[in-house]
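Enquirer:
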Amino acid sequence: METINNQPKRFYNRELSWLRFNLRVLEEAENKNYPILEKLRFLSISASNLDEFYMVRIAGIYGQIRTNIKELSQDGCSPKQQLSKILSLSKNLVEKQHKIFSHLKVELRKNKILIANEADLTMSEYNWLKQYFSSEIFPVLTPLAIDPLHPFPFIRNLGFSMALEFTKTGNDKITHALVPIPHKMKRFIAFPEASDGSIKFIAIETILEMFLDQIFPNFEFSSKGFFRIIRDSDIEVEEESEDLVRYFESALKRRRRGSVIRLEIEDKMTKSLRDLIIKEFEVNNDQIHSYNGFFGMSDLNELIVDQRQDLQFKTYTPRIPERIQEFDGDFFKAISQKDMIVHHPYETYDVVLDFLNNAIDDPNVVAIKQTLYRTDKNSKIVEALISAAKNGKNVMALVELKARFDEEANIQWSQNLERAGVQVVYGFTHLKTHAKLCLVMRREKSGLKHYMHIATGNYNPITAKVYTDLSLFTCDPDLAKDVIDIFNYITGYSKPENLRKIAVSPYGIYENLVANIHQEICNVNDGLDGHIIFKMNSLVDGAIIDELYKASQAGVKVELIVRGICCLKPGIKGLSENITVKSIIGRYLEHSRIYCFGNGAALPNPNAKLYMASADLMPRNLYRRVEISVPILNPTCHKHVLNEILMVNLRDNMQSWQINSDGTATKIKPKQGHEKFNIHNYFMKTASLSGRGKFANLPYSCSNEMDKL
């Protein structure tokens, strides 16, 4: 008889796991420790996440169903079975969003922020709004008649529109019309600030209903209401859903792109008006979501206004690593002394740009090589590379054109770089380059020396303010040789072989992880401790999950910190009873990937094998991307990442959820008599070890704070 060890049910469904992750994000909108505008931010984020999920993941599943693909998911479900479960859970999520929003509106009002209806307006406010409508809104509206001579118009993705059914005075003929809301128009209009400091907003849909007689004078309305659509993404093969489409790519390309995946429609519409909209968008019943509530909650972020900083998180200013200050900002001297880990956003991301600026201004620097996956719109990193080229440095930049939603910006950067004399390469046609590398070559008395920045996050100073990531600064000669080989692989397609320290996907990260897992199993069999701790964004790859199951069954203690998707089922007797999974969600987005193995002893210990990586444990990262995994070998950096980051993640009891074997999550609460411990608050208050300069050489037990662990 088959056991669960080799049945599909040993995996949890990827789509359901993502939805449950987004439920955890949504639950932060109820966090009693958060200011009201931060709660609103989490509600907005959950809504934006869900929109993208429909555009990409659910679109992929609908594509499978339409093209009659029978391919089963990793957990053994057909596309139709998955869709049924997804729609049920997403419905619950949307209902919870509306419930939370109704509570937040009350709390906002108590804090003098009001989302107004017409009845809430004073006469002076009404007159101000009427003038604003006439001058700022009405001119940009485009009312559209719907009749045999005027066909139903194309509505853009995430388009929000008013639908109308009416008769003209003296005419019995029923007519239909649409008023699409321009996508550049703000969803909320703020009234002039009141003398008592209160802020009053009014939604654009409320304004349209108030002044409908100005848009359609002399009409009698029998029905009206708003609707919103979500289309599938218009990129041919979305990287986020490549696992869904790679079996039927040609079929997808033949069908009409941008078909409607979700139709949200106000339930107050008459049947005739509702039927008109449904018919035009050619949607099935399971794609129609009818309710009376606020559509497009991602727009709620417009209510997070600068003038109410008192209702947001207290501003945090990232630290500058002390060791950089000790060397008066000279990165080359600081890095030459020893490797350094910088922990973002708690330590400023400016150090990455400063590292490049040091290279630009240093006459001894002869060359710079850099990967660019995502960066900010007006990238200072790109500007720095351009300046370096103009200063006579030999500069090479890998620009990943396939970075989803950033394709246009990346093309623009590449053109700007090339004009400045930078050698721009675009990587592979079949592999996305996701590794984060910067290599600076400097001529010194001893010869050419290589300084590197290796990271778990993108070269984007904007996201670096809210994403937790690691930056490794090093001049390790073996790492330098590996980085050079990896750049040669990217630019010349020469497969890297016999790398000294770095593992690179698609040829080595999976193999390195499995070898280390097997060693932990051997350690247990030899009577030693077996201990594994992984931190990542997503755990999806079935082969890695099966190896972790084997480790658990052998008696290895496995502790996983998985922010988002987790297809592993922990705590099942005979399969995974030695595995625990927690998810951390809070003020900062946990983004760093860290993989640690006890190496014959319980963790933490100074001999543990420790790696930081650009890769999550997903098939795309392990087999279809250029990713890197780097060992942390310097004792101070090792102590910092293991004791002061990874173990602290396990200690958190305020922002953590325990993932259960059925995919649900239980909020972790401090046990009676235990101190409350918020990971993000801790890192904001505690200087990191490897950047502490002359105070960093501590015994392995670390600081007094860490001894409490």
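Following this note's numbering, the numbering of the sequence shown begins with 2 at its first residue and continues without gaps.
In this text, a Cβ means the ideal position worked out from N, Cα and C, and glycines have one as well.
Treat the numbers as computed from the prediction; the structure is a model and nothing was measured.
Taking DSSP's pairing of strands, which residues face Q659 in a bridge?
Expert: BP columns for Q659 point to K583 and T667.
Enquirer: In the DSSP output, what is P632 paired with across the bridge?
Expert: Per DSSP, Y612.
Enquirer: Mind checking whether R444 and V367 have CB atoms under 9 Å apart?
Expert: Cβ atoms of R444 and V367: closer than 9 Å.
Enquirer: State the Cα-Cα distance for the pair R229 and C568, rounded to the nearest angstrom.
Expert: C-alpha separation (whole angstroms): 32 Å.
Enquirer: Within 10 angstroms of the Cβ of E206, are there 16 or more other Cβ atoms? Answer buried if so, exposed if not.
Expert: Result: buried.
Enquirer: From I522 to V559, what does the alpha carbon distance come to, in whole angstroms?
Expert: One C-alpha to the other measures close to 11 Å.
Enquirer: Under three-state DSSP, which class holds H345?
Expert: Here H345 sits in strand by DSSP.
Enquirer: Rank E384, N365, P462 and T492 by C-alpha distance to the C-alpha of V425 and give the top, closest one.
Expert: Here the closest residue by C-alpha is T492.
Enquirer: Pick from E210, V400 and V353: whose alpha carbon is nearest that of L471?
Expert: Here the closest residue by C-alpha is V353.
Enquirer: With DSSP run on the structure shown, which of helix, strand or coil describes L480?
Expert: Note: L480 maps to helix in three-state DSSP.
Enquirer: Between the alpha carbons of M124 and T434, how many angstroms are there, rounded?
Expert: Distance between the alpha carbons of M124 and T434: 59 Å.
Enquirer: Roughly how many whole angstroms lie between the Cα atoms of I262 and I101?
Expert: Near 25 Å, if we compare the C-alpha coordinates of I101 and I262.
Enquirer: Does the contact criterion of 3 or more C-beta pairs under 8 Å hold for the stretch 61-77 versus the stretch 19-35?
Expert: Verdict: no, contact absent.
Enquirer: For the candidate residues I369, A544, N579 and L304, whose alpha-carbon lies nearest to that of L38?
Expert: Ranking I369, A544, N579 and L304 by Cα distance to L38 puts L304 first.
Enquirer: Report the option in S447, A456, D52 and T464 whose CA atom is closest to the CA atom of P478.
Expert: The option with the nearest alpha carbon to P478 is S447.
Enquirer: Could you check if G674 is buried or exposed, using at least 16 other CB atoms within 10 Å of its CB as the buried criterion?
Expert: Burial call: exposed.
Enquirer: Can you check whether the CB of R15 is closer than 9 Å to the CB of I573?
Expert: No.
Enquirer: Within 10 angstroms of its Cβ, does T430 collect 16 or more other Cβ (buried), or is it exposed?
Expert: T430 comes out exposed.
Enquirer: Here's the rule: buried if 16 or more other CB atoms are within 10 angstroms of the residue's CB, otherwise exposed. What is M341?
Expert: Burial call: buried.
Enquirer: Answer yes or no: do R21 and L90 have a C-beta to C-beta separation smaller than 9 Å?
Expert: Yes; because the gap between Cβ atoms is below 9 Å, this pair is in contact.
Enquirer: Can you give me the C-alpha to C-alpha distance between P9 and D547, rounded to a whole angstrom?
Expert: About 11 Å.
Enquirer: So the candidates are S577, K610 and A614; which of them puts its Cα closest to the Cα of A504?
Expert: Taking only the C-alpha atoms, the option nearest A504 is A614.
Enquirer: In three-state DSSP terms, what is Q98?
Expert: Looking at Q98 - three-state DSSP - the assignment turns out to be helix.
Enquirer: Just to check my reading of the structure: G422 and A390 have Cβ atoms closer than 8 Å, yes? What is that Cβ distance to the nearest angstrom?
Expert: About 4 Å; that satisfies the 8 Å criterion.
Enquirer: If the criterion is Cβ atoms closer than 9 Å, does the pair M211 and L130 meet it?
Expert: Yes, they are a contact pair.
Enquirer: Tell me the DSSP bridge mates of V180?
Expert: Beta-bridge pairing links V180 to M163.
Enquirer: Cutting at 6 Å between CB atoms, please list the residues of its own chain near Y13, excluding the five before and the five after it.
Expert: Once the five neighbours on either side are set aside, the close Cβ partners of Y13 are C568, K570 and G664.
Enquirer: If the criterion is Cβ atoms closer than 9 Å, does the pair I175 and S273 meet it?
Expert: Yes, the Cβ-Cβ distance between I175 and S273 is below 9 Å.
Enquirer: Can you round the beta-carbon distance between F227 and E267 to whole angstroms, since I take them to be within the 8 Å contact cut?
Expert: The pair is a contact, with the Cβ atoms about 5 Å apart (cut-off 8 Å).
Enquirer: For I325, which of helix, strand or coil comes out of DSSP?
Expert: Note: I325 maps to helix in three-state DSSP.
Enquirer: For E206, which beta-bridge partners are listed by DSSP?
Expert: Beta-bridge pairing links E206 to no other residue.
Enquirer: Per the contact definition of three or more C-beta pairs closer than 8 Å, is the stretch 532-549 in contact with the stretch 593-601?
Expert: Touching, yes, given that three or more Cβ pairs across the two stretches are closer than 8 Å.
Enquirer: Going by beta carbon distance, what residues of the same chain come within less than 8 Å of H639, once the five residues before and after it are set aside?
Expert: Taken in chain order, the residues that qualify are P607, A609, L611 and I633.
Enquirer: Could you tell me the alpha carbon to alpha carbon distance between N579 and G259, rounded to whole angstroms?
Expert: C-alpha separation (whole angstroms): 45 Å.
Enquirer: Since I believe N461 is in contact with K437 (beta carbons under 8 Å), could you give me their beta-carbon distance rounded to a whole number of angstroms?
Expert: With 8 Å as the limit, K437 and N461 do not qualify as a contact, their Cβ atoms being about 10 Å apart.
Enquirer: List the endpoints of the continuous alpha helix (DSSP H) containing S553.
Expert: G543 to A555 is the span of the alpha helix (DSSP H), which, as asked, contains S553.
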